[in-house]
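Below is one structure, written out as structure tokens, with a few remarks after it.
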Amino acid sequence: MTLKILKAKLHQATVTAGRLTYHGSLTLDPELMEAVGLLPYEAILVSNLATGLRGETYVIPGRRGQKEVELNGAMARLGTTGDRIIIMAFAQLEPHELPDHKPRVAILDRANTIVEMPDYPPVGPVSPELEPIEKSD
Numbered sequence: 057m058t059l060k061i062l063k064a065k066l067h068q069a070t071v072t073a074g075r076l077t078y079h080g081s082l083t084l085d086p087e088l089m090e091a092v093g094l095l096p097y098e099a100i101l102v103s104n105l106a107t108g109l110r111g112e113t114y115v116i117p118g119r120r121g122q123k124e125v126e127l128n129g130a131m132a133r134l135g136t137t138g139d140r141i142i143i144m145a146f147a148q149l150e151p152h153e154l155p156d157h158k159p160r161v162a163i164l165d166r167a168n169t170i171v172e173m174p175d176y177p178p179v180g181p182v183s184p185e186l187e188p189i190e191k192s193d
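Shown next as structure tokens:
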């Protein structure tokens, strides 16, 4: 049995462009991809913070250092330039892999610069002693 667990998350990324006529996908600055361990063509779930809309696609690398977050193809209908989105990738893990797994998360400002990389605890059983994950606004 495998479990679907959060692998990577870019929180509050700002959409920089949308290209409806492109083949599909989400174009992302390679620096952001590397920060959270996203690979080219990796499946992602995208959630728009303003509308609540969600969509699944894959990521392709854009121009390094340009802070691009572009919604392409049908994903361009998910939001418009300036919208804040969450980009998530998940991994299928075996139970024995869970204790060593920690999701890589980056929180971005409106310019798509990483402002925080919270240290999430490893996956483990829920217990009364489990500390809540600190939340930032």
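Heads up: the sequence shown at position 114 corresponds to 170 in the numbering used here, and the numbers run straight through without jumps.
Glycine included, C-beta positions come from ideal geometry on N, C-alpha and C.
- Going by C-alpha positions, E126 is about 18 Å away from G93.
- Shortest Cα-Cα distance from P86 to any of L66, L134 and D175 involves L66.
- Within the same chain, F146 and Q148 come within 7 Å of K60 by CB-CB distance, once the 5 residues on both sides are set aside.
- Counting along the chain, A91 sits inside the alpha helix (DSSP H) bounded by residues P86 to V92.
- In the structure shown, L105 adopts coil according to DSSP, grouped into three states.
- Counting along the chain, the unbroken beta strand (DSSP E) around G111 starts and ends at R110 to P117.
- Counted as a single uninterrupted DSSP element, the beta strand (DSSP E) harbouring V161 occupies residues R160 to L164.
- Leaving aside the five residues that flank I142 on each side, the residues in its chain whose CB is nearer than 6 Å to its CB run, in chain order, H67 and S103.
- In this structure, the straight-line span from the alpha carbon of H152 to that of G180 is close to 10 Å.
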